[in-house]
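Undergrad: Structure below; questions to follow.
There are 2 protein chains.
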Amino acid sequence: MQSTPACLLHIGRTQLQLFIVSEMRTRVSEFARRLSVEWWRRDWPSAAERIVVGVSGGGDSMALLLALDELLKARRFTLKIVVAHLDHGLRGRSGAVDAEWVAGVARELGHEVVLGSVPVKERAAFARDNIEQAARRARYEFFTATAKEYGARLVATAHTLDDQAETVLLRLMRGSGADGLGGMRPARPLDAGGDIPSGRPFEASRDVQLVRPLLCWARRVQTVDYCRERGVQFRTDAMNDDERYARVRVRHNLLPLMEAFNPQVVEALARTAELLQDDAAALDGLAARLLNEARDATATAGVGGLMTPEAMSAAQPAAPPLRVGVLAAAAVAVRRRALRQWLGRGRGDLRRIEMGHVLAVERLLAGGRGGRIAELPGGTSVERRRAWIHFCLKKS
Amino acid sequence: MQSTPACLLHIGRTQLQLFIVSEMRTRVSEFARRLSVEWWRRDWPSAAERIVVGVSGGGDSMALLLALDELLKARRFTLKIVVAHLDHGLRGRSGAVDAEWVAGVARELGHEVVLGSVPVKERAAFARDNIEQAARRARYEFFTATAKEYGARLVATAHTLDDQAETVLLRLMRGSGADGLGGMRPARPLDAGGDIPSGRPFEASRDVQLVRPLLCWARRVQTVDYCRERGVQFRTDAMNDDERYARVRVRHNLLPLMEAFNPQVVEALARTAELLQDDAAALDGLAARLLNEARDATATAGVGGLMTPEAMSAAQPAAPPLRVGVLAAAAVAVRRRALRQWLGRGRGDLRRIEMGHVLAVERLLAGGRGGRIAELPGGTSVERRRAWIHFCLKKS
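Same order as they appear, the protein sequences are chains A and B. Using my numbering, the first residue of the first sequence is number 1, and each one after it goes up by one. Using my numbering, the first residue of the second sequence is number 1001, and each one after it goes up by one.
Structure (structure tokens):
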């Protein structure tokens, strides 16, 4: 047997061809090359359409814009870029200065620009949200509106490996499971409420997709270096150094301490996130199947007259009654995910639903036949009636 | 609808009865009561047999010994305790002093004592192991031998919530997946190499079980408080303050910093570990089923003459050839776990097998039909031949 390397790397035929063809064109920087590899790997469209790029003007988003621009000018991509910049109204005049500056750079590069402005502080107060959440929501609403206005299917943001590591640690300290610790997804539907695992390839979704082309490989320091290499300035946001924000304290204090244990800890955290995303995707798929099995039996039972008319009317179509026996026989991790999905469908969302509520519903599965109830926040509840659990809206 | 609390707690009938019966007996301390609740919840035997308790003499293990002793004397449990103490030979004379001291306390309480001594430093040098690993291995070998000698089915150690949080963080910083981040299991077979998820109830295993009755509820400070409450001294090991050990730095520096983000971070980390243990158990079960499916098809193929004689002989019975199509259709998280299990069976263990090797084997599934190989450490490899992958021992 001839000697071979420890790991035989396989490059798919399509990728190899693309690689050879592209090497024949204008050379691009290492940063832009890595961006293009990630882009192809994810099967994101690279030709003949508009994409929206979120640009705050910081090092990360300037690097993303510059690298996409480089790939366009080297004819690797034939996309049209729409630069979207939102002024959150949190920094008075300097917000407007940043907006003008981003617009200037973008136009000089030859791209379309959309500037938006939202009074985030007022919005947060009104919605009783924290500033970070309100800013995030305003930003994603703005991106979605811009994408729809310009007929774009993709919105690209510049989250890096460092952002991912920070997200993982923030969620870890709250005691999250695999779904939370999976961190940000490299791609997700932009309309959805948050980062959810999705096994679907890009083409399967007709909605606007949020993509994060730097998330899985680029360190923040690389984005800064690349901006310098290109001789382009970037803006620094004072909020990035404001230690009143937990994320800033993670960046300034916690991650440096962890780097004393493992200099590659940011990469390690991102790897963990990727593994847990895969786990969550597999378990969510199983949970959906379990719900289907528990419900299919229900349809028969309804016809068979086992349910009272009240139960039939109380049952929300989105969350039909489920058979206790089917749920009880499933693996605990799958069952709890299924119950969570079911509660989300019945209530319309999962706001204020915590693990404790899922466990309370799960306990209904264990007992005898007595009518028992698990109350949920917001006036909903789950009732056990004989061999079924029912999702109920509270009678007012 | 009448008003009910937000979470209806369910107490199983058996537990309720036990609770009522036990309340009629001698009252025990809160610490001992919580230990007994955990013991019952886990279905560990509490009557008519010997169990081995690992006692270093520190606060945690003294608290475990004292609480078990309290439950015995209050007749909640009718176990016989064998106190096992190992001198690791790392602290010269003070190791022997500790051993005598532990033996003295244990005998005074009326329990049997087994003292052992192992030159861990010499062993570590010989096995090219680090001191912590060598000490851990020596300790578990000693516990196993003691359990077998005394006919005990259980060995109890005093790992706390704090130990669990430290373990989770140490593994997180190495980039572990759900299996590693699941941390220590509350119960596992002692003969196995490490903490592995096991959905089996205690009775299903005939081996000696390692159980950790404090792991899921007791903070370190509670063990110290309980020792004080009982008026019993405990020893402090200088190694517990030696910052050359990563675990000590996690305890002294990292966890206190994280507590500034969330004062309950230790509990949060332990909750994460429990959630990920459940996930890992569900996914491992699915992976075992996948291997079975991929292999069942193989048996038919062998009979049908699709395999060459060389392939048949190269196939290890523990890791028979697997059908590519079956593996490729599975969810990625399940497939990778299945491949890992398969490699472990073929090689006898998973030493030096990293995620990169699993990914190299996974890549064999994607390509065409050409004969391709993924080399593994220690002279083994996996070969793709047509629609099959084969586990091979290298010809020397």
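The beta carbon of each residue, even a glycine, is placed where N, CA and C say it ideally should be. Predicted, not measured: the structure shown is a model, and the values here were computed from it.
Could you compute how far the alpha carbon of T1272 of chain B sits from the alpha carbon of E354 of chain A?
TA: 13 Å
Undergrad: Output the distance between the C-alpha atoms of L393 of chain A and H1085 of chain B, rounded to the nearest integer angstrom.
TA: 58 Å
Undergrad: When the Cβ atoms of the region 1144-1156 of chain B are set against those of the region 1043-1060 of chain B, are three or more pairs found closer than 8 Å?
TA: yes
Undergrad: Which residues, in order along the region 1326-1349 of chain B, keep a beta-carbon less than 8 Å from a beta-carbon of chain A?
TA: A1331, V1332, A1333, V1334, R1336
Undergrad: For V358 of chain A, tell me which candidate among A:E293, A:R372, A:W342 has the shortest Cα-Cα distance.
TA: A:W342
Undergrad: Counting Cβ pairs, one atom from each stretch, are 3 or more of them under 8 Å apart for the region 277-291 of chain A and the region 169-188 of chain A?
TA: yes
Undergrad: Return no unless some Cβ of chain C is closer than 7 Å to the Cβ of A1319 of chain B.
TA: This model lacks chain C altogether; the protein chains it does include are A and B.
Undergrad: What are the residues of the region 1058-1080 of chain B that lie near chain A, defined by any Cβ-Cβ distance shorter than 9 Å?
TA: none
Undergrad: Go ahead and label V1120 of chain B buried or exposed: buried means 16 or more other beta carbons lie within 10 angstroms of its beta carbon, across all protein chains shown.
TA: buried
Undergrad: Looking at A158 of chain A: is its Cβ nearer than 7 Å to the Cβ of L79 of chain A?
TA: no
Undergrad: Around the Cβ of R1337 of chain B, are there at least 16 other Cβ atoms within 10 angstroms (buried) or fewer (exposed)?
TA: buried
Undergrad: Kindly provide the ranges of any beta strand (DSSP E) runs that are 3 or more residues long and lie completely inside the region 1098-1126 of chain B, ordered along the chain.
TA: Counting whole runs of 3 or more residues, the region 1098-1126 of chain B contains the beta strand (DSSP E) stretches 1112-1117.
Undergrad: With which residues is Q1209 of chain B paired in a DSSP beta bridge?
TA: B:L1154, B:P1189
Undergrad: In the DSSP output, which residue or residues are listed as bridge partners for I373 of chain A?
TA: Paired residue(s): A:E383.
Undergrad: What do you reckon, are the CB atoms on L1109 of chain B and D1069 of chain B nearer than 7 Å?
TA: yes
Undergrad: Report the three-state DSSP secondary structure of L1393 of chain B (helix, strand or coil).
TA: strand
Undergrad: H1262 of chain B versus chain A: which residues are under 7 Å apart at the beta carbon?
TA: Note on residue identity: the sequence assigns Asn, not His, to residue 1262 of chain B. Simply M173, R174.
Undergrad: For L1290 of chain B, which residues in the same chain have their Cβ closer than 6 Å to its Cβ, ignoring the five residues on either side in sequence?
TA: A1330, V1334, A1338
Undergrad: Can you pull the DSSP bridge partners for H1085 of chain B?
TA: Per DSSP, the beta-bridge partners of H1085 of chain B are B:L1115.
Undergrad: List the residues of chain B that R289 of chain A touches, going by C-beta distances under 7 Å, in chain order.
TA: The contacting residues do not exist; R289 of chain A stays about 11 Å from chain B at best.
Undergrad: Per DSSP, which residues does L322 of chain A bridge with? Please list them.
TA: A:I389
Undergrad: Excluding the 5 residues preceding and the 5 following A1047 of chain B in the sequence, name in chain order all residues of the same chain whose CB lies nearer than 6 Å to its CB.
TA: T1078
Undergrad: Of all the CB atoms in chain B, is at least one closer than 7 Å to the CB of A268 of chain A?
TA: yes
Undergrad: Answer with buried or exposed for R1244 of chain B, where buried requires no fewer than 16 other C-beta atoms within 10 angstroms of its C-beta.
TA: exposed
Undergrad: Residues of chain B with CB closer than 8 Å to the CB of G285 of chain A, please, in chain order.
TA: A1331
Undergrad: Along chain A, which residues have their Cβ under 8 Å away from the Cβ of G1177 of chain B?
TA: Under the 8 Å cutoff, chain A gives T272, L275, L276, D279.
Undergrad: Determine the direct distance from the alpha carbon of L286 of chain A to that of A246 of chain A, and round the result to whole angstroms.
TA: 35 Å
Undergrad: Work out the CA separation of V82 of chain A and V232 of chain A for me, nearest whole Å.
TA: In this structure, the straight-line span from the alpha carbon of V232 of chain A to that of V82 of chain A is close to 19 Å.
Undergrad: How would you label G1059 of chain B, buried or exposed, when you count the other beta carbons within 10 angstroms and need 16 or more for buried?
TA: buried
Undergrad: Show which residues of chain A have a CB atom less than 7 Å away from the CB atom of M1239 of chain B.
TA: Ordered by position in chain A, no residue passes the 7 Å Cβ test against M1239 of chain B, which lies about 18 Å from the chain.
Undergrad: Answer yes or no: does any C-beta atom of chain B fall closer than 7 Å to that of A470 of chain A?
TA: Outside the displayed range of chain A (1 to 396) lies residue 470 of chain A, so it cannot be described from this structure.
Undergrad: Taking Cβ positions only, does M258 of chain A come closer than 7 Å to chain B?
TA: Flagged as an interface residue toward chain B: M258 of chain A, by a C-beta distance shorter than 7 Å.
Undergrad: So, does the CB of A301 of chain A fall closer than 7 Å to a CB anywhere in chain B?
TA: Per-residue confidence for A301 of chain A stands at a pLDDT of 46, beneath the threshold of 50, marking its modelled position as unreliable; the derived number appears in the next sentence. Chain B contact via Cβ: absent.
Undergrad: Would D1098 of chain B and G1057 of chain B be called neighbours here (beta carbons separated by less than 7 Å)?
TA: yes
Undergrad: Which of helix, strand or coil does DSSP assign to T1078 of chain B?
TA: strand
Undergrad: For R251 of chain A, I'd like the list of residues in its chain whose CB is within less than 7 Å of its CB, leaving aside the five on either flank, ordered along the chain.
TA: E166
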